[in-house]
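Peer 1:
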Amino acid sequence: MRVLVGGGTGFIGTALTQLLKARGHEVMLVSRKPGPDRITWDELDTSGLPHCDAAVNLAGENILNPIRRWNESFQKEVLNSRLETTQILARAINKAPQPPQAWVLVTGVGAKEGETKKNIAWSRGRTGDSGQTSAVPLAAYYQPSLTAEYDEDSPGGDFDFFSNLVTKWEAAARLPGESTRQVVVRSGVVLGREGGAIRHMLLPFRLGLGGPIGPGHQFFPWIHIRDLAGILAHAVEASHVQGVLNGVAPASATTNAEFAKAFGAALGRPAFIPLPSMVVQAVFGRERAIMLLEGQKVVPRRTLATGYQYSFPELGAALKEVVA
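1 is the number of the first residue of the sequence shown in the UniProt record's numbering; add one for each residue after it.
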């Protein structure tokens, strides 16, 4: 297959590209900069969709950029970066004489990828590489809760800015008709050796300075990078896969404190120094801080029902592989 990947130069996009190529597929990236096997967003918008069998979108602005104030201007950037790229791809697919077989969008169940922990490291005195995310953007669809369990059929998307963002984002991807399979993968925090959350957590945790965020009892939906790339490839390849899939590991009852403890154990270090809620709120503002201080218990019920086999269903094995 020939697969077009929007925003494919970051952490998750790189992993997906490597996996697709390993499976014998050809990959073309949509990027802001031209280059070999690439098309720019402007070219895509003006010239239309190049021939492809599937399209995936991973593009978006980093919501938890600590050097950007959470004001109306930045909120518009966050919204437009997701909606515009998704609309450009959806419009190009809809107008294509030969539309692709599959169209896959990645959104979020809650906090995800490296943005969260990268900027927590920054708030402890260590800056990340920049304010920009290197992979999938962050937003939350399911409402934070200490008791509710969410699967792909659970309601959400209408309780705050971020949930409404995901609702608009996913709506922007919808295509009329049934000529193209449409899949939305709502991802959790992505764990991987080459980037994402782990990359920016390693130093404080190796120094024994790691610990839970705020109270620590909030749920922490996570997924290993190999499994997120695997779910995306599965969505591209499997003709029976459509609709919403939760891109989280089956071990959905992990709390933030349990994650911190398991990560410290994988490194042979203690992990009991909490990052106080007031610090998180001071850095990110009260509205954005909710994304770190609250969480959701999310289960991948439909993902499992499609036949996807997880490589890392349990947290301990996933973290050991990442830090090995």
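Note that CB positions come from ideal geometry on N, CA and C, so glycine has one too.
With a CB to CB cut of under 7 Å and the five nearest residues on each side skipped, what residues in its chain are close to Phe74?
Peer 2: Numbered from 1 along the sequence shown, position 74 holds the residue referred to as residue 74. Cβ neighbours of Phe74 beyond the five flanking positions: Arg68.
Peer 1: Roughly how many angstroms lie between the CA atoms of Trp70 and Gly295, to the nearest whole one?
Peer 2: Translated into the one-based positions of the sequence shown, residue 70 becomes position 70. Translated into the one-based positions of the sequence shown, residue 295 becomes position 295. So the alpha carbons of these two residues sit roughly 20 Å apart.
Peer 1: Jot down the residue ranges of each uninterrupted beta strand (DSSP E) in the UniProt domain "NAD-dependent epimerase/dehydratase" (3 to 96), minimum 3 residues, whole runs only, in chain order.
Peer 2: Those beta strand (DSSP E) runs which fall completely within the UniProt domain "NAD-dependent epimerase/dehydratase" (3 to 96) and span 3+ residues are 26 to 31, 38 to 40, 54 to 57.
Peer 1: Which residues bound the beta strand (DSSP E) around Thr107?
Peer 2: Here residue 107 refers to the residue found at position 107 of the sequence shown. That run of the beta strand (DSSP E) goes 102 to 108.
Peer 1: So the candidates are Gly214, Val299, Met291, Ala233; which of them puts its Cα closest to the Cα of Phe272?
Peer 2: Position 272 of the sequence shown holds residue 272. Cα-wise, what sits closest to Phe272 is Gly214.
Peer 1: In the DSSP assignment, the alpha helix (DSSP H) including Gly230 goes from what residue to what residue?
Peer 2: Reading the sequence shown from its first residue, position 230 is the one you call residue 230. Looking at the DSSP string, the run of the alpha helix (DSSP H) that includes Gly230 is 225 to 237.
Peer 1: Provide the residue span of the beta strand (DSSP E) that contains Val189, from first to last.
Peer 2: For the purposes of this step, residue 189 is taken as the residue at position 189 of the sequence shown. Unbroken beta strand (DSSP E) run through Val189: 189 to 192.
Peer 1: How far does the beta strand (DSSP E) with Val244 in it extend, from its first residue to its last?
Peer 2: Position 244 of the sequence shown, counting from 1, holds the residue named residue 244. Per DSSP, Val244 belongs to the beta strand (DSSP E) from 243 to 247.
Peer 1: What separation, rounded to the nearest whole angstrom, lies between the Cα atoms of Val166 and Gly208?
Peer 2: Working through the sequence shown from its first residue, we reach residue 166 at position 166. Working through the sequence shown from its first residue, we reach residue 208 at position 208. So the two alpha carbons sit approximately 36 Å from each other.
Peer 1: So what's Glu149 in DSSP terms, helix, strand or just coil?
Peer 2: Position 149 of the sequence shown, counted from the first residue, corresponds to residue 149. Strand, per DSSP.
Peer 1: Which one or two residues does DSSP pair with Leu275 in a beta bridge?
Peer 2: Position 275 of the sequence shown, counting from 1, holds the residue named residue 275. According to DSSP, which records beta bridges pairwise, Leu275 is partnered with Ile213.
Peer 1: Just to confirm, are His224 and Ala260 a CB contact at a threshold of 9 Å?
Peer 2: The residue you call residue 224 lines up with position 224 of the sequence shown. The residue you call residue 260 lines up with position 260 of the sequence shown. Not closer than 9 Å, so no.
Peer 1: Spatial neighbours of Asp53 within its chain, please: C-beta separation below 6 Å, excluding the five flanking residues on both sides.
Peer 2: Counting from 1 along the sequence shown, the entry for residue 53 is found at position 53. Counting only Cβ-Cβ distances below 6 Å, and skipping sequence neighbours, we find Met1, Arg2, Pro100, Gln101.
Peer 1: Expressed to the nearest angstrom, what Euclidean distance is found between the alpha-carbon atoms of Ile231 and Tyr141?
Peer 2: Walking along the sequence shown from the start, residue 231 turns up at place 231. Walking along the sequence shown from the start, residue 141 turns up at place 141. So the two alpha carbons sit approximately 19 Å from each other.
Peer 1: Out of Leu19, Pro34, Ala324, Ile39, state which residue places its alpha-carbon closest to the alpha-carbon of Leu228.
Peer 2: One-based indexing of the sequence shown puts residue 228 at position 228. Ranking Leu19, Pro34, Ala324, Ile39 by Cα distance to Leu228 puts Leu19 first.
Peer 1: What are the partner residues of Phe219, as DSSP defines its beta bridges?
Peer 2: Numbered from its first residue, the sequence shown carries residue 219 at position 219. Looking at the DSSP assignment, Phe219 forms a beta bridge with Thr255.
Peer 1: Using only CA atoms, which one of Val104, Glu61, Ala238 lies nearest to Thr306?
Peer 2: Counting from one through the sequence shown, the residue named residue 306 turns up at place 306. Cα-wise, what sits closest to Thr306 is Ala238.
Peer 1: Looking only at C-alpha atoms, which of Pro221, Pro270, Val183, His200 sits nearest to His234?
Peer 2: Against the sequence shown, residue 234 aligns to sequence position 234. It is Val183 whose Cα lies nearest to the Cα of His234.
Peer 1: In chain order, what residues of the same chain lie with their CB nearer than 7 Å to the CB of Leu105, ignoring the 5 residues before and after it?
Peer 2: Translated into positions along the sequence shown, residue 105 becomes position 105. Once the five neighbours on either side are set aside, the close Cβ partners of Leu105 are Asn57, Thr86, Glu170, Ala173, Val184.
Peer 1: Buried or exposed: Pro144, going by 16 or more other Cβ atoms within 10 Å of its Cβ?
Peer 2: In the sequence shown, the residue the question calls residue 144 occupies position 144. Buried is the call here.
Peer 1: Whole angstroms is fine: what's the gap from Arg91's alpha carbon to Ala15's?
Peer 2: In the sequence shown, residue 91 corresponds to position 91, counting from 1. In the sequence shown, residue 15 corresponds to position 15, counting from 1. Straight-line Cα distance between these residues: approximately 26 Å.
Peer 1: Bridge partners for Lys168 per DSSP, in chain order?
Peer 2: For the purposes of this step, residue 168 is taken as the residue at position 168 of the sequence shown. DSSP lists no partner for Lys168.
Peer 1: Going by alpha carbons, who is nearest to Glu61 out of Arg23, Thr17, Gly10?
Peer 2: Taking the first residue of the sequence shown as 1, we reach residue 61 at position 61. Selected option, being the one with the closest Cα: Gly10.
Peer 1: Please classify Met201 as buried or exposed, where buried requires at least 16 other C-beta atoms within 10 Å of its C-beta.
Peer 2: As a position in the sequence shown, residue 201 is number 201, starting the count at 1. Buried.
Peer 1: Can you tell me which of Pro155, Leu203, Arg288, Leu44 puts its alpha carbon nearest to the alpha carbon of Gly264?
Peer 2: Numbered from 1 along the sequence shown, position 264 holds the residue referred to as residue 264. When only C-alpha atoms are compared, the closest one is Leu203.
Peer 1: Is the CB-CB distance between Leu29 and Arg38 below 9 Å?
Peer 2: Indexing the sequence shown from 1 puts residue 29 at position 29. Indexing the sequence shown from 1 puts residue 38 at position 38. Closer than 9 Å, so yes.
Peer 1: Select from Gly211, Asn246, Lys33, Val5 the residue whose C-alpha is nearest the C-alpha of Pro221.
Peer 2: Position 221 of the sequence shown, counting from 1, holds the residue named residue 221. It is Asn246.
Peer 1: In terms of alpha-carbon separation, which member of Ile93, Phe162, Val298, Gly13 lies closest to Ser154?
Peer 2: Your numbering for residue 154 matches position 154 in the sequence shown. For the residues Ile93, Phe162, Val298, Gly13, the minimum Cα distance to Ser154 belongs to Val298.
Peer 1: If I follow the unbroken alpha helix (DSSP H) through Cys305, where does it start and stop?
Peer 2: The residue you call residue 305 lines up with position 305 of the sequence shown. This sequence places Ala at residue 305; Cys is not what is there. 301 to 305 is the extent of the alpha helix (DSSP H) around Ala305.
Peer 1: Give me the Cα-Cα distance between Gly48 and Ala55, rounded to the nearest whole angstrom.
Peer 2: Along the sequence shown, read from residue 1 onward, the residue named residue 48 stands at position 48. Along the sequence shown, read from residue 1 onward, the residue named residue 55 stands at position 55. Rounded to the nearest angstrom, the two C-alpha atoms are 13 Å apart.
Peer 1: When you compare only the Cα positions, how much space is there between Gly188 and Thr17?
Peer 2: In the sequence shown, residue 188 corresponds to position 188, counting from 1. In the sequence shown, residue 17 corresponds to position 17, counting from 1. Near 20 Å, if we compare the C-alpha coordinates of Thr17 and Gly188.
Peer 1: Can Gly211 and Pro274 be called in contact, C-beta distance under 9 Å?
Peer 2: By one-based count along the sequence shown, residue 211 stands at place 211. By one-based count along the sequence shown, residue 274 stands at place 274. Yes, they are a contact pair.
Peer 1: Specify the secondary structure class of His240 as computed by DSSP and reduced to three states.
Peer 2: Looking up residue 240 in the sequence shown gives position 240. Note: His240 maps to coil in three-state DSSP.
Peer 1: Assuming Met291 is part of the alpha helix (DSSP H), what are its boundary residues?
Peer 2: If you number the sequence shown from 1, residue 291 lands on position 291. Here the alpha helix (DSSP H) through Met291 covers 286 to 293.
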